[in-house]
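Read in order, the letters of the sequence shown are residues -24 to -1, 1 to 250 in mature numbering (1 follows the signal peptide of the UniProt record, and there is no 0).
C-beta: ideal position from N, C-alpha, C; glycine also.
Below is one structure; the comments refer to it alone.
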Amino acid sequence: MEPSRSCSVPALLLSLLTLATLMASPSAYVFYVGGRDGWVPNPSESYATWSSRNRFQVNDTLVFKYNKSVDSVLVVGAAAYGACNVSGPVQRMDTGDDAFRLDRSGPFYFISGSSDRCAKGEKLLVVVLAVRNKPPPPSTPAAPVTSPAPSPSPLSPPPFTSPSLPHPHPHPHPHPRPRPPPRPQHRPHNFPRNLAPCFSSVAAGPRGDSDLPVAGAECGGDSDRALLRRRRVSPPASSSPPSPPSSSASPGLKASGIEIASVFSLLSMVIFFS
């Protein structure tokens, strides 16, 4: 009993060391063959189905758990796998907790060390995929070459514009009111002395007309009459027609005309008799 214990301890340590080494690799995975059932005949899930559900790659590890007193694991070729031939295996494992590293791509064949157990389905085919190529590091895109920004040109001062002054509003000049035209004034006419007798029987018209009646026998001759006609004085023209005299002013004008005629008559008589 003592020699068996001494042999099992180094084998267990070797298996643990192998598992630790494989587990330390970040790209390797550990697969427990058969799951909870382990390495047994007539498993609840066939090993072919279990293998098809997993993807095996290089450096992954297979762990076989079984009862070493009655069973073992053999690594064989394709022919021995199909015939459950246990003679001349490639490798034999019998520790009951064996770890096998898949060190290459391609198929691996495993059968039980007992031909009867192999015939009951205790055999496994694993196909290892090719080595995973590490994706190349993403190439850093070259920074686009940007042309230097043009230096800002000195800003030209804006054109000077004189402020527009408000136009002075012309002061309205008061329009002079038109003065009323002067009213005509009746002045005594200056007649020559030799025509004075003609006014002895003069009577002024109602408007102060210059066409004065002349006493025919008492006035001078034809020359005197012609001179009297030429000296007829017409009232000064005005821009606006004279306003007709009111009815209240007519008696005064008539009285002043009579008085003037009387004065001229007296003066002419005095001159005549002198």
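A distance below 7 angstroms separates the beta carbons of residue 37 and residue 77. Excluding five sequence positions before and after residue 83, the CB atoms of its chain that fall closer than 8 angstroms to its own CB belong to 54, 101, 102, 103 and 104, given in chain order. Cβ contact annotation for residue 79 (same chain, cutoff 8 angstroms, sequence separation greater than five): 34 and 35, in chain order. At a Cβ-Cβ threshold of 7 angstroms, residue 5 and residue 39 do not count as neighbours. With contacts defined by Cβ atoms closer than 7 angstroms, residue 41 and residue 14 form a contacting pair. In the DSSP assignment, residue 75 falls outside any alpha helix (DSSP H) and within the unbroken beta strand (DSSP E) covering 73 to 77. Take the alpha-carbon of residue 47 and the one of residue 73: they are about 11 angstroms apart. Our two residues, residue 16 and residue 88, have alpha carbons roughly 9 angstroms apart in a direct line.
Straight-line measurement puts the Cα of residue 29 at about 19 angstroms from the Cα of residue 107. In this chain, residue 85 is not harboured by any alpha helix (DSSP H); it is covered by the beta strand (DSSP E) spanning 82 to 88.
Within the segment 18 to 64, the alpha helix (DSSP H) runs of at least 4 residues that lie entirely inside it are, in chain order, 23 to 28 and 54 to 59. For residue 12, no alpha helix (DSSP H) segment is defined, and its DSSP state is neither H nor E.
Across the set 155, 95, 27 and 60, the C-alpha of 95 shows the shortest separation from the C-alpha of residue 18.
Nearest Cα to residue 31 within the set 155, 81 and 236: 81. According to DSSP, residue pairing for residue 101 in a beta bridge involves 85. Going by beta carbons, residue 49 and residue 66 fall outside the 7 angstroms limit. DSSP, read as helix, strand or coil, puts residue 68 in strand.
Taking C-alpha positions only, residue 58 is separated from residue 21 by approximately 19 angstroms. Rounded to whole angstroms, the gap between the alpha carbons of residue 248 and residue 235 is 20 angstroms. Here residue 238 is exposed. Its C-beta has fewer than 16 other C-beta atoms within 10 Å.
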